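Asker: The sequence shown begins at 0 in numbering that gives the first Met the number 0 and counts up by one.
Here a beta-carbon is modelled for each residue, glycine too, at the ideal position from N, C-alpha and C.
In this text, all values refer to a predicted model and were calculated from it rather than measured experimentally.
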Amino acid sequence: MELKDTFNQIHDRIDAACRASGRSPNEITLIAVTKTVNIESIEEAVELGQVVFGESKLQEAIPKVEALGTRAEWHFIGKLQSNKARKVAELFNAIHTIENDRQLNEIAKQEKVVDVFVEVNIGEEPQKSGILPSQVGEFVKVVLKCPQVNFRGLMTIGPNLQNGEVLRPYFRRMRKLNEEVGGNWLSMGMSGDFDVAIQEGATHIRVGSALFGARQYN
Ligand SMILES: *Cc1c(COP(=O)(O)O)cnc(C)c1O
Numbered sequence: 000m001e002l003k004d005t006f007n008q009i010h011d012r013i014d015a016a017c018r019a020s021g022r023s024p025n026e027i028t029l030i031a032v033t034k035t036v037n038i039e040s041i042e043e044a045v046e047l048g049q050v051v052f053g054e055s056k057l058q059e060a061i062p063k064v065e066a067l068g069t070r071a072e073w074h075f076i077g078k079l080q081s082n083k084a085r086k087v088a089e090l091f092n093a094i095h096t097i098e099n100d101r102q103l104n105e106i107a108k109q110e111k112v113v114d115v116f117v118e119v120n121i122g123e124e125p126q127k128s129g130i131l132p133s134q135v136g137e138f139v140k141v142v143l144k145c146p147q148v149n150f151r152g153l154m155t156i157g158p159n160l161q162n163g164e165v166l167r168p169y170f171r172r173m174r175k176l177n178e179e180v181g182g183n184w185l186s187m188g189m190s191g192d193f194d195v196a197i198q199e200g201a202t203h204i205r206v207g208s209a210l211f212g213a214r215q216y217n
């Protein structure tokens, strides 16, 4: 399928999820996740009107960000090692994966103010990144003290349960937590489950394979 068609499909799904929950598609930011996707395809997506892109590795993102210039906005969605945090803050418009003080200390060494989400391990899964739900309130207070970050809200990668409907209670808990800490943006939902995430209050959805096809890792 051509990129034009997959973008149309995704926009149709966004519209349907918004209709089902009384929301407006204007409230939803589609982040096109371009890890492993080449610059030509990103250029094509920009031609189709896509503006916001997501990458999870700094090294992979650098040539893409440089090639696209001011025609695109970039959100960092990967695990953020603190030794890369300063450079990521300089290069990206937003970071979705803030989860510790070391990252904040590094971001504070540069001048730009970057939009950030705090990542939450909503399923309380061992091995998974993110702050536990019970610790989010305390951590957001720390984030709010860092002048180089603009706290926007929470982000989660839900448990890998395949079926969006099974994830609904997790997404619902995320929305409640986000309200408790004063978040206005809420990053949740990927190719397989963003419909349910939108119904439960997502403002930013991160969609890769449903747009660009299955990722080919070398
Ligand atoms: C890769 C990735 C996505 C996109 O996943 P798809 O299932 O391909 O839509 C979303 N969020 C994060 C954090 C990712 O790493």
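1) CB of Ala209 to nearest heavy atom of ligand 1: below 8 Å?
2) Could you compute how far the alpha carbon of Phe193 sits from the alpha carbon of Ala31?
3) With distance defined between alpha-carbon atoms, name the residue in Phe211, Asn159, Glu43 and Asp100 nearest to Ile130.
4) Can Gly152 and Asn120 be called in contact, C-beta distance under 9 Å?
5) Does any heavy atom of ligand 1 sit closer than 8 Å to the C-beta of Met173?
6) Using 8 Å for Cβ pairs, my map puts Asn149 next to Val180. What's the rounded Cβ distance?
7) I'd like to know whether the C-beta atoms of Gly236 and Phe170 end up nearer to each other than 9 Å.
8) Between the segment 10-27 and the segment 64-81, can you find at least three pairs of beta-carbon atoms closer than 8 Å?
9) Jot down the residue ranges of each uninterrupted alpha helix (DSSP H) in the segment 12-84, minimum 4 residues, whole runs only, in chain order.
10) Ordered along the chain, which non-local residues of its own chain (more than five positions away) have a Cβ less than 7 Å from that of Glu59?
11) Does the Cβ of Gln102 have 16 or more other Cβ atoms within 10 Å, making it buried, or fewer, making it exposed?
12) Kindly confirm or deny that the segment 34-50 and the segment 80-90 touch, where touching means at least three C-beta pairs closer than 8 Å.
13) Is His241 near ligand 1, judged by its Cβ being under 8 Å from some heavy atom?
14) Measuring CB to CB, does Glu118 end up less than 9 Å from Gln147?
15) Considering only their Cβ atoms, is the gap separating His74 from Ile94 smaller than 9 Å?
16) Using the three-state DSSP reduction, which class does Glu118 fall into: helix, strand or coil?
17) Excluding five sequence neighbours on each side, which residues of the same chain lie with their C-beta closer than 6 Å to the C-beta of Thr155?
18) Given Lys3, which residues of its chain have a CB within under 7 Å of its CB, disregarding the five upstream and five downstream residues?
19) Hey, quick one: how far does the beta strand (DSSP E) through Arg205 stretch, first residue to last?
Answerer: Judging by the given coordinates:
1) As a working note, residue 209 is residue 210 in the sequence shown. Yes, the beta carbon of Ala209 sits closer than 8 Å to at least one heavy atom of ligand 1.
2) Position 194 of the sequence shown, counted from the first residue, corresponds to residue 193. Position 32 of the sequence shown, counted from the first residue, corresponds to residue 31. If you take the alpha carbons of Phe193 and Ala31, they lie about 13 Å apart.
3) Along the sequence shown, read from residue 1 onward, the residue named residue 130 stands at position 131. Residue Asp100 is the option with its Cα nearest to Ile130.
4) Locating residue 152 in the sequence shown gives position 153, counting from the first residue. Locating residue 120 in the sequence shown gives position 121, counting from the first residue. For Gly152 and Asn120, no; Cβs fall outside 9 Å.
5) Walking along the sequence shown from the start, residue 173 turns up at place 174. The answer is no for Met173.
6) Your numbering for residue 149 matches position 150 in the sequence shown. Your numbering for residue 180 matches position 181 in the sequence shown. About 14 Å; that fails the 8 Å criterion.
7) In the structure as shown, the chain begins at 0 and stops at 217. Residue 236 is therefore absent and cannot be evaluated.
8) no
9) 38-46 and 57-67
10) Counting from one through the sequence shown, the residue named residue 59 turns up at place 60. Within the same chain, Glu59 has close Cβ partners Lys34.
11) Numbered from 1 along the sequence shown, position 103 holds the residue referred to as residue 102. Buried is the call here.
12) no
13) Since the displayed the chain opens at 0 and closes at 217, residue 241 lies outside it and no answer follows.
14) Taking the first residue of the sequence shown as position 1, residue 118 is located at position 119. Taking the first residue of the sequence shown as position 1, residue 147 is located at position 148. Their beta carbons are not under 9 Å apart, which means Glu118 does not touch Gln147 by this criterion.
15) Along the sequence shown, one-based indexing puts residue 94 at 95. Along the sequence shown, one-based indexing puts residue 74 at 75. Going by C-beta atoms, Ile94 is nearer than 9 Å to His74.
16) Reading the sequence shown from its first residue, position 119 is the one you call residue 118. Of the three classes helix, strand and coil, the one that applies to Glu118 here is strand, per DSSP.
17) Residue numbering aside, residue 155 sits at position 156 when the sequence shown is read from its first letter. Only Val119, Ile121, Met173 and Met187 meet the Cβ criterion.
18) As a first step, residue 3 must be located in the sequence shown, where it is residue number 4. For Lys3, where only same-chain residues beyond five positions count, the Cβ hits under 7 Å are Leu47.
19) Position 206 of the sequence shown, counted from the first residue, corresponds to residue 205. Unbroken beta strand (DSSP E) run through Arg205: His203 to Val206.
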